[in-house]
Amino acid sequence: MSGYTVAIVGRPNVGKSTFFNRLLEQRKAIVDDISGVTRDRQYGIAEWVGKSFNVIDTGGFVPRSEDVFEKEIKKQVLIALEEADALIFMTDTATGITDLDESMADVLRRSAKPVYLTVNKVDNHERLLEATEFYSMGFEHVYFISAISGSGTGELLDAVTEPIPEDRYATDEQSEIPKFAIIGQPNVGKSSLLNALVGKERTIVSDIAGTTRDTIHTHYNLFQKDFVLIDTAGIRRKQKVHEDLEFYSVIRAIKAMDEADVCLLLLDAEKGITAQDLSIFSLAARKGKGIVILVNKWDLIEKQTNTARDYEKLLKERLAPFTDVPILFISVKDKLRIFKAMETALEVVENRRRKVPTSQLNDTMLKAIAAYHPPVVRGNIVSIKYVTQLPTAVPSFAFFSNYPDDIKTPYRNYLENKLRENFNFSGVPVRVFFRKK
Ligand code: GDP
Ligand code: GDP
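Take the sequence shown: its position 284, counted from the start at 1, is 284 in this note's numbering, and no numbers get skipped.
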C-alpha cells in the first residue's frame, strides 16, 4: 500500500461518484454516511496496473443557501489540497464551465500538487468538440472521459498513478520499530491518551518531526520495547479552522493508518460504535493492519457484574465477521488500563509478524481438514494436501488443492477459524488463498 491519496473534487452532479464506483468496481466502496452537511462521502482503495492508492470522493454538499454552499465547497477543496497527494478536479461537459467551476479552479490553479482536470460526460464525438472549451481553464493536465462508459478513464489513471512508486512487494517491515496510530472520532480522547502517556512516562526518546509531511511521530520505550505513536490529534488542535470538519479527521485517520502497523481505534463508551467507526475498522482490516479497540471513558459507565462482558458481546456483533480483536475498557481520565492498551498493541505486532513453521502448520491444519472435508462440488472430491504461509507482511496462507476454485467462503472461514484457534492471530486480519496443486 503506497499511502498515496487521491481526492476527487468538483461540484455536485458532475459524475464524481459514478467515476468513483467505476474505479473501485469489484471492491466494495466504503460509504461514509454523514448526515446533514454532506451527502455520502466515499473512500476506498483503488488499484491500477499494480499500483494501489487511496481514493476519496469528497461528496457533494447539500445546498442550503447559495453562499453557504460555495463557501463550504471551497473549504472542502482547500482541505483536499492540503491533505491529498493529488486531485482529480471533475467537471461536466453537458453544463459547460460554470461559475462554481471557475471559483474552484481559482483555488486549484495555485496548487503545487498535481491537479488533473477531468471533463466528464464526454460520451460521443460531438461532446468531445464541445469539451475543448475546458482547455481555457489553464490546467496542465486535461482529460476527457465518460464515467458511465469508461472511455478515457484509462489514460486519466495512467497519469494519476504515474508518480506512485511500485512498492507492492516492498512490504518487509520486520526490522522496523512498530508504529501505532491512535484513531477515532473527535472528542473520544485521542489527545488525552497521548498526553497521559507522555506525561507519566519519562521514556520518550525523541520527537521525530514529520517522517511524512504532517504527522508527528513520538518514539517510546515502554517495558523495554520500542514503539512509535503517530499523533493525528495534536495537529488538528493547531488548525482550529478544521475542527468542525469530519472530512479532516477521516482523511487524517486514513493516512495515519497507512503508516501504522497497528491501529488503536478509540470509541466513546457512552456513544458506542458509530457507522463511521465501522468504516474505519473495515478499512484497517482491508489494509491488513493490526487492530485494538479501546472503549474509552469507561469511568462514565454505571457498572454491574456483567457490564463489560455484555458490552463486548454487542460490540462483536457489530464487528462481525472480524471479531478476533482485542477489546479493552479504558479510562484515560482515571489512567485505567492505558499501559495495558500499549502492551496489547505490542502483542498484536507479535501476532502480525508470526510465522508458523511449515511442519507445525501442516500437522495442525491437515488434521482440521481431515476432521471436516471440503464439500464435494459437481462430483469432484476436493482435497487439500498442503499448506504454507506466504512471506508477506500480513499473515497469508496458501492451501494447495486439486480444485482450488471449488472451495467456497464457508470452508474458507472454517480454515481461518482453525488458524485462529491454533495460532494466536488476535487483532490481525488473516488472508487465506487456494492454489492449484
Ligand atoms: P456527483 O454528484 O458528482 O457524485 O455525480 P453523480 O456520479 O451522482 O452523477 C450525476 C449524474 O450524472 C447521474 O445521473 C449520472 O448518471 C450522470 N453521469 C455520470 N457520469 C456520466 C457520463 O459519463 N455521461 C453521462 N451522460 N452522464 C453521466
Ligand atoms: P480527541 O478529540 O479525540 O483528541 O479528544 P480529547 O482528548 O480532546 O478529549 C475530549 C474530551 O473527553 C476532553 O474533555 C477530555 O477531558 C475527555 N476525556 C478524555 N478521556 C476521558 C475519560 O477517560 N473519561 C472521561 N470522563 N472523559 C475523558
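C-beta atoms are modelled at their ideal positions from N, C-alpha and C, and glycine is treated no differently.
A contact between stretches requires three or more CB pairs, one per stretch, nearer than 8 angstroms, and the segment 129-136 fails this requirement with the segment 149-165. In this structure, V325 lies away from I280, with their beta-carbon atoms at least 7 angstroms apart.
No heavy atom of ligand 2 is found nearer than 6 angstroms to the CB of D277. Remark: fewer than three beta-carbon pairs, one from each stretch, lie closer than 8 angstroms, so the segment 265-282 and the segment 85-103 are not flagged as touching. In terms of Cβ geometry, V55 and V6 form a close pair [threshold 7 angstroms]. Inclusion of R352 and G290 in the CB contact set at 7 angstroms is warranted, their separation being smaller than that value. About 6 angstroms separates the Cβ atoms of F89 and G10, confirming a contact at the 8 angstroms cut-off. Counting C-beta atoms within 10 angstroms of its own C-beta, F19 has 16 or more neighbours from the protein chains shown and is therefore classed as buried.
Taking non-hydrogen atoms of ligand 1 into account, the C-beta of P12 is found less than 6 angstroms away from one of them. The C-beta of N402 has fewer than 16 other C-beta atoms within 10 Å across all chains shown, which makes the residue exposed.
Within a 10 Å sphere around the beta-carbon of I369 sit 16 or more other beta-carbons, which makes this residue buried.
At a threshold of 6 angstroms, L294 does not count as near ligand 2, since its beta carbon sits no closer than that to any of the ligand's heavy atoms. The beta carbon of D406 sits closer than 8 angstroms to those of P374, V377, R378, N380, V382, all from its chain and outside the five residues before and after it, given in chain order. Comparing C-alpha distances from T358 to each of Q389, K340, E350 shows the shortest one belongs to Q389. With respect to the C-alpha of W298, the residue from Y220, P404, Y311 having the closest C-alpha is Y311. For S426 and E166, the gap between their C-alpha atoms comes out near 30 angstroms. K179 has its CB no nearer than 6 angstroms to any heavy atom of ligand 2.
Within the model, the alpha-carbon separation for T344 versus I183 is close to 16 angstroms. Bounds of the beta strand (DSSP E) holding M90 are 86-92. CA-to-CA, the gap between Q276 and E126 works out to about 43 angstroms.
Looking at the backbone, the Cα of F53 and that of G3 are separated by about 6 angstroms. Look at A269: its beta carbon is at least 6 angstroms from all of the heavy atoms in ligand 1. By the criterion of a C-beta distance shorter than 7 angstroms, E130 is surrounded in its chain by T93, once the five residues flanking it on both sides are discounted. DSSP links D226 through a beta bridge to N221. Cβ-Cβ separation between A260 and K340: approximately 19 angstroms, too far for a contact (criterion under 8 angstroms). Judged by the Cβ position, A147 qualifies as a neighbour of ligand 1 at the 6 angstroms threshold, a heavy atom of the ligand being closer than this. Cβ-Cβ distances below 6 angstroms link L108 to F89, V115 in the same chain, with the five nearest sequence neighbours on each side left out; the list follows chain order.
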